[in-house]
Every structure is written in C-alpha cells, then in structure tokens.
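Structure first, then comments.
Protein chains: 2
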Amino acid sequence: MGKAADYLDFSNNINGLGTLGSISKKISNNIEVFFKYSEAEPILALELLAKYYGLDKKCLAWGNGATQIFFNLPRLLRKGRVLIVGPTFWEYSVANRRISESSVEFFLTKERDNFNIDLSKFEKAIKGTSSVYICNPNNPTSTIVDSKSLADLIRLNSDIDFIVDETYLLFRGDYPQKTLINKATKLPNLYVVTSLSKFFALPGIRMGFLVAQNDNIEAYKNIDIPYIFNPLANIIVPILLSDKKYISTTRSYYDIVRKSFFDELTNKFVGKLKFYRPEANFVLAKILTNITSTKLETLMRKSCFLIRDASIYEGLNNKWIRFSILSKKENNLLADKLFQILN
Amino acid sequence: MGKAADYLDFSNNINGLGTLGSISKKISNNIEVFFKYSEAEPILALELLAKYYGLDKKCLAWGNGATQIFFNLPRLLRKGRVLIVGPTFWEYSVANRRISESSVEFFLTKERDNFNIDLSKFEKAIKGTSSVYICNPNNPTSTIVDSKSLADLIRLNSDIDFIVDETYLLFRGDYPQKTLINKATKLPNLYVVTSLSKFFALPGIRMGFLVAQNDNIEAYKNIDIPYIFNPLANIIVPILLSDKKYISTTRSYYDIVRKSFFDELTNKFVGKLKFYRPEANFVLAKILTNITSTKLETLMRKSCFLIRDASIYEGLNNKWIRFSILSKKENNLLADKLFQILN
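Protein sequences, first through last, are from chains A and B.
The first sequence lines up with residues 1 to 343 when you count with our numbering.
The second sequence lines up with residues 1001 to 1343 when you count with our numbering.
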C-alpha cells in the first residue's frame, strides 16, 4: 500500500504540472516571516493582485483560501432564499445553512442536458431568491456557462446577489476574456471568488481572493476576521503572478488535453463509463456497469490511485466519479488502471 | 534608521528568550505541508494539547491565533450586555461591537487600585450582563486576578458566559495551579482562550486554542471556519509542548525578572515614570513628566526601540506606555535609553 506519497492523487483538482520548482527554496529563505507579526491582511499580495488585474485595490479582499470567503459571504449578503446551481462544491450550501434567516435550494442541472445550465429555466428559477451561487466552470460536472449571458443575467437582476466561483476558470486559455472580475468592480450585486491554491498547486498556502465593488469589499472586511492569513502569501504571490510561462503553459496544456483525454476516454470505455466533455481540469464520469462509485473509489485507492466518489454531491448518486486531469503519463496510468478494474 | 530587524522590539509581548533554535530547520524540513491539503483542523496538534493538559479532546478547539477565537465567540455566546474588564486588549470590544444584538461596556480598573479588580464592585457590575471578558494577567496593566475567586464567581453566575484569556498566564511558574483550563471542561459558562504564539515567540504561526465544555466546543465548531489553520501547527506544536526545558526556563526567568526589573525601574525613574508591579511579561508605566506617550514612543522608535503607546487603550490616556520584559541585557538597554530621553 505504501505511504500517502505513493498515491497518484486525481481527487483534488490540483494543477497536474505541479508546484513551481522555485517555491520550496523561496519558503526556506523566508522562514523569518513566522517569527514576526503580520499586518491585518497581506498588503503586498493584494497590491500585486490589483496591479495584475488592473483593479482598484479597494475592490479586493484576501481569504485564507476561498473557504474563508465562502463562509463569510452568507453573513454579509441578503438573507432569504439562497439558490445554488448544482451538483456542486459542498461549501456553498454548508456555509449558507448556518444562517438561520436563510433557506438553501438547489437548481440542479440535468444529466440529459449534459449538466449544462438551461438558461431560460434558470432565469425563472432565480426570481424571488436573495442570492445565487454559480461555480464556473462547475465542480464536479466540469461544465461552463457563457460569461456574457451570465453577466447579462446579473445586470438584469440587481435585487439578487450573485456569487461566482472562478477557481477553475484560471485553468483556461480564455480566462482573461471570460472572467467577470472586471465586471464585479462595477456591479453592486456581483462577487467573484477565486482560489490561487489549486492552479499553482499550493493547497497548503491557502490563497483566495474576492473581487467586488469597493463598498461591498468595505462591508466584507467589517465582518471578516483580520490577521489570519498565512504570511507566506506576501512572499509567494509575487512569484506566482510574475511567472507568465507557468500560467500560459498550464492553460495551453489544459486547453489541448481536455479534449484529447476526453476523446481517448470515450473511445476506451464504451459501455463501461460515460464521460461529459470537460471544460475544466477534471472529468465527471457515469458508471455504466454494476459497480458503485464507492466500490470503484476503494478499488482504485487499493491500487494507489485517488479519485473522487461523486456520490457525495447533492444531485448525484453512487454511479458517478470525478477525477483530475494530470500529466499525460499519469492520465494514461489512470485510464489503464480504471480499465483493468472495470474488466 | 535601518531596517526593521535593527529595532529592539519591546512592543509585542513576545517571549524575550526567543524562538526555539530547532524551529527553522524543522520548518525547512517540512515544506511539503504547503503542497498538500490539510484536514479541517490540526488533528495532531489538538491531540497533543489534550494529552498535555489531560483533557478530553472534545473540549478543545483550534484557532488561527487567539484572534480567530475572539472574533468567533461573540456570534456563539449569549447576546446582550457584554462587560469587558479594562483597560485591555482591543479585540474583545471590536469583535463584540460587530454583534448588533449586543452592547459593549467596560469595567475599568482604577489607577488608585493599581489596576487590580475590586472584586466586590466587580461582582455587582456583572449582574445582568450576558458575557464577561477577563484577560488574566491583563494586557496592558500586567495585573492578575486570583484564580480561585474568579472560579467561584463563574460558578455562582451560571447565567453569564465568562471568557478568560490566559495567554500571559503561560509566562508564570504558577501557571499549572492557576489556569482555569481544567475548570472550563466542566463549567458550561466558562471559555478559556490561550495563544501559544507569544510564549513560544512564533507570532507568524498563529496558534490559539479554546477550552470549554464539550457541548460548547461542538457549538463553536459549528460556527467556526474550517481548514484555515497554518499546516505547520501539526509539525511545530509537538516540539513546543515536549520542550519542558524551554517552558520551565521561561517561567523561572520571568518569575525572577518581573520583580527585579520592576525594582530597578522604580529606583531609576523616581519622579519620571511610575511603574505598576508586573504580573506578566510586560510593564505598564505612567509618565510623570510633561512628555506624552505618543512623543515618547516616537523618540524611542527613532532610537530603534519599539515600545507601546498605551493611549490606544480605552481607559488610559497619553501618559501611559507599555513595554515587554526581554533579556536582562535588552532590558538594561531599554532602561538606559528611556532614562536618556526623559532627562
């Protein structure tokens, strides 16, 4: 079985290109950050983010991962009916269910629609809600919603707060065109949340940020807990944002491999697994044989492959799995092992 | 003026013995913690704390510094009139003022009482309040309240939540006898908060913990944000708690130097500064000359000594300063510089 390090981890949607080589040394050379007090927020990291996106820094807030932001937002936003586009990430619902004045509902996309949002139905479903959560591209379905249509919807429904999670949009070559970050600084009912941790393969340095109108950011900071970021953020973010090569290589790689891996998988697993065309750095699959997702996940784990049993997502059941797209070599190993187990 | 590193920092109440020598290497050897996902809480650190204190781990919660705990507690505890024993640390009032259903009041100890709590007055003052905050020993007054009397008061007032901050009690040889941690696991209205960061001189690895009855801890975790601790906690806490020598050396040193430094200062600054006998690792002083605390702080900073202008504390004014007790050599340098400036 071996140690954790021996597993091939397809379960966490982390960039398959791995962490930048220079990071370990940079951390080693800056251990003194742990020996002194920090400011209330990572000022340098926020300044660089503002510059990178061409934003006023008053439109930006830092999070100890996107998690901190998702757990803060429900306390800040309008209370009432919260609508979450699902099946999706657990944190949106868990964080909102803590608010006694709100109720949580799901707008579940359908298998027959390949889990794409039916925008005309969605437009009706949001009426009367107080806030709407959209992960774009969505986890675990790896579907994407058209940014223009989404922006129009947000503009037309100014009485609803929209929270858009763009963590996986970072993995796409069309990110600069599709991100709603620049719209978020102008629209009073839009909050864009992004995590840098998965894209830069640094999940232990939790780096999330929120973009919204400056008044909204001011209100957000008034409910946020200060001082609790990892002080490495100020050291690491400058390296990450300036590494244009890592960013473009990642995006080009995923733009190609999303399609090629999907085609390979679709051909290889006829009658065994059905795949949904991925728009992010991971794939959702439906099991067509008798095995359950839980059993398949266990068997894969025994072979040292970690995948995600997608039955944990509201709206899916024990016939669904999700796995990351990693390097071509690792993807092939995964496909071969899955094939072996399903035969 | 030089870089920050050239300052002698008497402003932050950090252990003057400095960080354990082995910590830098330990961090360098464990940088991979930043390359993987953590559990929702630092399980190993919490288990070791439970063992160290002989507690059920269900009575313990971790905080990203005591700060995270102080900002969470007002959302959990009874709402109403919040009474804070002052002058004291800003976080108790700032965190409580965010709760619209509560009002914040101070029970200000008096200069004529050497800032000690008049327990009979205090007993009356707490009637009708919903929660009471006591920092023990208190910052910035460096006074202590008798633990037995405090425990009795807490037991007799079961309709009031008591929050006791024991961060500076760690610096005393009588900590094991005086801490209310063991009482907190049994009393449903007592919450003991402790930060390890100052005692172990690791302010950048924010290590706080809360001890309370298991039902209270369960409720606390239901409002807390998961996953946001520094993953170094699991690596570092085992080293800290097992270093009996560092712990006992620190306590013996401060037990002696608190008295000797106070005596020296009192003799040296007759007519210039009045000192209050310190019960923690820092000293409060009243300026008896014409200079203001803000001016004195600035002049000291220009000479590369950082002290705290205590006019920021509700209940004090611009005639008060606070400084840490560091090594004997550093303490002498500080006293000489203060003397030079005040003459």
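For every residue, glycine included, the Cβ atom is placed at its ideal position computed from N, Cα and C.
query                                                                                                                         : result
Alpha helix (DSSP H) segment containing residue 1070/B, residue limits                                                        : 1065–1076
Segment contact flag, the segment 71–87 of chain A with the segment 1234–1244 of chain B, C-beta cutoff 8 Å, min 3 pairs      : no
Candidates 313/A, 213/A, 335/A, 155/A, of which the one nearest residue 141/A by Cα                                           : 313/A
Meets three-Cβ-pair contact criterion under 8 Å: the segment 1095–1106 of chain B and the segment 1046–1064 of chain B        : no
Where residue 1327/B falls, given that 16 or more other Cβ within 10 Å makes a residue buried                                 : exposed
Contact with chain B by residue 181/A, beta-carbon distance below 8 Å                                                         : no
Simplified DSSP assignment, three categories, for residue 1/A                                                                 : Its pLDDT being 32, under 50, residue 1/A is placed unreliably in this model, and the coordinates cannot settle the point.
Within 8 Å, strictly: CB atoms of residue 185/A and residue 55/A                                                              : yes
C-beta neighbour in chain B for residue 107/A, strict 8 Å                                                                     : no
Option in 1281/B, 1342/B, 1329/B, 1339/B with minimal Cα separation from residue 1011/B                                       : 1281/B
Check whether residue 1128/B and residue 228/A have beta carbons under 8 Å apart                                              : no
Simplified DSSP state of residue 301/A, which is helix, strand or coil                                                        : helix
CB contact check: residue 1170/B to chain A, cutoff 8 Å                                                                       : no
Enclosing beta strand (DSSP E) for residue 83/A [first to last residue]                                                       : 81–86
C-beta neighbour in chain A for residue 1201/B, strict 8 Å                                                                    : yes
Expected contact under 8 Å - CB spacing of residue 239/A and residue 26/A to nearest Å                                        : 6 Å
Between the CA atoms of residue 116/A and residue 1093/B - distance to the nearest angstrom                                   : 48 Å
Where the alpha helix (DSSP H) containing residue 151/A begins and where it ends                                              : 147–156
N-terminal and C-terminal residue of the alpha helix (DSSP H) that residue 285/A is part of                                   : Note, residue 285/A: premise wrong, no alpha helix (DSSP H); beta strand (DSSP E) at 282–287.
is_contact[residue 1036/B, chain A] using C-beta, thresh 8 Å                                                                  : yes
Partners in chain A for residue 1012/B, counting only beta-carbon separations shorter than 9 Å                                : 36, 37
Inter-residue spacing [alpha-carbon to alpha-carbon] between residue 251/A and residue 14/A                                   : 13 Å
Partners in chain A for residue 1019/B, counting only beta-carbon separations shorter than 7 Å                                : 35
Exposed unless 16 or more other CB atoms sit within 10 angstroms - verdict on residue 1166/B                                  : buried
Whole-angstrom distance between residue 1306/B and residue 1324/B, CA atom to CA atom                                         : 10 Å
Residue 203/A beta carbon less than 8 Å from that of residue 197/A                                                            : yes
Status (buried if at least 16 other CB within 10 Å, exposed otherwise) for residue 1181/B                                     : buried
Pair within 8 Å by beta-carbon distance, residue 1061/B and residue 1183/B                                                    : no
Contact set between the segment 226–244 of chain A and chain B, restricted to residues whose Cβ is under 8 Å from the partner : 226, 227, 228, 230, 231, 232
Minimum Cβ-Cβ distance from residue 1003/B to chain A less than 8 Å                                                           : Caution is warranted here: a pLDDT of 42 is assigned to residue 1003/B, below 50, making its placement in the model unreliable, and the coordinate value is therefore given only provisionally. For residue 1003/B, the answer is no, since every Cβ of chain A falls outside 8 Å of its Cβ.
Host alpha helix (DSSP H) of residue 1195/B (start-end)                                                                       : Here residue 1195/B belongs to no alpha helix (DSSP H); instead the beta strand (DSSP E) covers 1190–1195.
Residue environment, residue 161/A, which counts as buried when at least 16 other CB atoms sit within 10 Å                    : buried
C-alpha gap between residue 1211/B and residue 1110/B, whole angstroms                                                        : 30 Å
is_contact[residue 65/A, chain B] using C-beta, thresh 8 Å                                                                    : yes
Alpha-carbon spacing of residue 1342/B relative to residue 1265/B, whole angstroms                                            : 13 Å
Selection from 1223/B, 1209/B, 1278/B that minimises the alpha carbon distance to residue 1067/B                              : 1209/B
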